[in-house]
Every structure is written in structure tokens, then in C-alpha cells.
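Numbering (my numbering), first residue to last: 6 to 199. Glycine included, every Cβ here is placed at the ideal spot set by N, Cα and C. In this text the structure is predicted, and so the values were computed from the model without any measurement. Scroll down for the structure; my scribbles are underneath it.
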Amino acid sequence: MFSVLSRTTVAALLVLLLACSLFHRSEKPEPGAGPRDQLSIGYSLLYQEADGIPKLKWLLRFKDKPDDMSRVTDELLGYYQQLAQKLEKLPTQFPAVRINVKTMSEIEADTRKAIGTDMAKDIAPVVGKSGIDFEREALLTFYNGLNEQRHLVRAMLEREKVPALRDFLETTRFELDSHYDKVETLLNSRYFKH
Numbered sequence: 006m007f008s009v010l011s012r013t014t015v016a017a018l019l020v021l022l023l024a025c026s027l028f029h030r031s032e033k034p035e036p037g038a039g040p041r042d043q044l045s046i047g048y049s050l051l052y053q054e055a056d057g058i059p060k061l062k063w064l065l066r067f068k069d070k071p072d073d074m075s076r077v078t079d080e081l082l083g084y085y086q087q088l089a090q091k092l093e094k095l096p097t098q099f100p101a102v103r104i105n106v107k108t109m110s111e112i113e114a115d116t117r118k119a120i121g122t123d124m125a126k127d128i129a130p131v132v133g134k135s136g137i138d139f140e141r142e143a144l145l146t147f148y149n150g151l152n153e154q155r156h157l158v159r160a161m162l163e164r165e166k167v168p169a170l171r172d173f174l175e176t177t178r179f180e181l182d183s184h185y186d187k188v189e190t191l192l193n194s195r196y197f198k199h
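Below, the structure written as C-alpha cells:
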């Protein structure tokens, strides 16, 4: 069993790891304004989120959660891991697709990194929130992320002309919408009063 000091140390390391991985920026030059360049930003944003979110499992693993929340969050973590793997394969199948471009300015990246660090502290074992406060905070984090990503995919669909990539984005949009609806239903039924 971990001592309180060991748990705090693990939590601090996980917070640092999460903040760095969720907001990684490529050092490659920023793409231009053409449709494929804009899509590269979209694919890169989607990949960064899909690749970073499964790292939350190390923070969520040590938290007590109700069964319905565990089911929803485990599903989400598994989904994002699969999505990241699918996105990693796209550049080999479609050489014009890039998932490693610089997606935002330094100030935007620093802002998102600070938000991620605060969020990770809020849900960290031992030092973070617990009970209903933790559950609601974690679910709202997923909810807001899913909402941003499903709208990102819709904007990408307006620009994507390659039929196989459109199919990939349509499937991803449907999956993101489905997960968004599940999180929304759980939030409304358990954490918000109507």
C-alpha cells in the first residue's frame, strides 16, 4: 500500500506527465492557410487530444467512483486510445495527412497547458477533489473535450475531399457524438438538479 507521501509524489509526477503530453507542440513549421494545411491542423489537434486523454487513466485509477461513472470513463479512455492508434496510421495510408503540425501559437499552447495542469491537480489522487466534486469535475472535463472535438470534426468534414478520409471523419463524428451523449446523460441524471 502506498503511503500518503508516495501517493502525493506519484500524483505530482502524473500531473506533470499529463500536462506535458496533453499540450505537446510539434516543432515543425506552422502550415499555411490552404485546405490541406488547415486539415493538418485539425488532424493534429484531434491526435494530440486522443493521444493525451488515455494518460488520465493513471489519475482516475486511484479515485473512488460509482459504477456508472467508471463504466463511462473506462469506455472513453479505451475509445481515445483506439482513436489515437487509427490517427497514427493515417499518414502512412494517406501521405498528405499530417498529425504532427504546430496547432496553435505559443500563448494558446501555454494557456491550454495551464488549464490541463489545473485540471490534473483537481482530479489527482490524495491531493485532488474527491466524491461528488471530483466526479462532476472529471465528467465535465470529458464533456467539454468531447464537445470541442465533435465540432472540430464537423469543421474538418466541410474541408475534407478524400472519400476514405471523409468516411473516417464521419465515423469519428458519430462516435464522439455518442460518447458526448452518454456523458451528458450521466451528468444530467446524477450531478445536476433539474
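Legend entry - Leu101 - DSSP class collapsed to helix/strand/coil: First, the residue type needs correcting, since residue 101 is Ala and not Leu in the sequence shown. Three-state DSSP puts Ala101 in coil, outside helix and strand.
Inset, instruction - Would you kindly check if the distance between the Cβ of Arg155 and the Cβ of Tyr196 is under 8 Å? - result: no
Inset, instruction - Consult DSSP for Thr108 and reduce its assignment to one of helix, strand or coil. - result: coil
Inset, instruction - Figure out for me which residue from Ser45, Leu144 and Arg171 has the closest Cα to the Cα of Pro71. - result: Leu144
Inset, instruction - Just mark Ser11 as buried or exposed, buried being the case when its beta carbon has 16 or more other beta carbons within 10 Å. - result: Unreliable positioning characterises Ser11 in this predicted model, as indicated by a pLDDT of 40, which lies under 50. The coordinate reading is nonetheless provided below. Counting Cβ neighbours within 10 Å, Ser11 comes out exposed, since fewer than 16 surround it.
Inset, instruction - Take Val167 and list the residues in its own chain whose beta-carbon comes closer than 7 Å to its own, dropping the five residues that flank it on each side. - result: Phe99
Inset, instruction - Would you kindly report the start and end of the unbroken alpha helix (DSSP H) that includes Val188? - result: Pro168 to Leu191
Inset, instruction - Have a look at Asn105 and Ser49 and give me their C-alpha separation to the nearest angstrom. - result: 5 Å
Inset, instruction - Specify, as a first and last residue, the run of the alpha helix (DSSP H) that Pro40 falls within. - result: Pro40 to Gly57
Inset, instruction - Take the Cβ of Ala55 as the centre, count every other Cβ of all protein chains shown within 10 Å, and call the residue buried at 16 or more, exposed below. - result: buried
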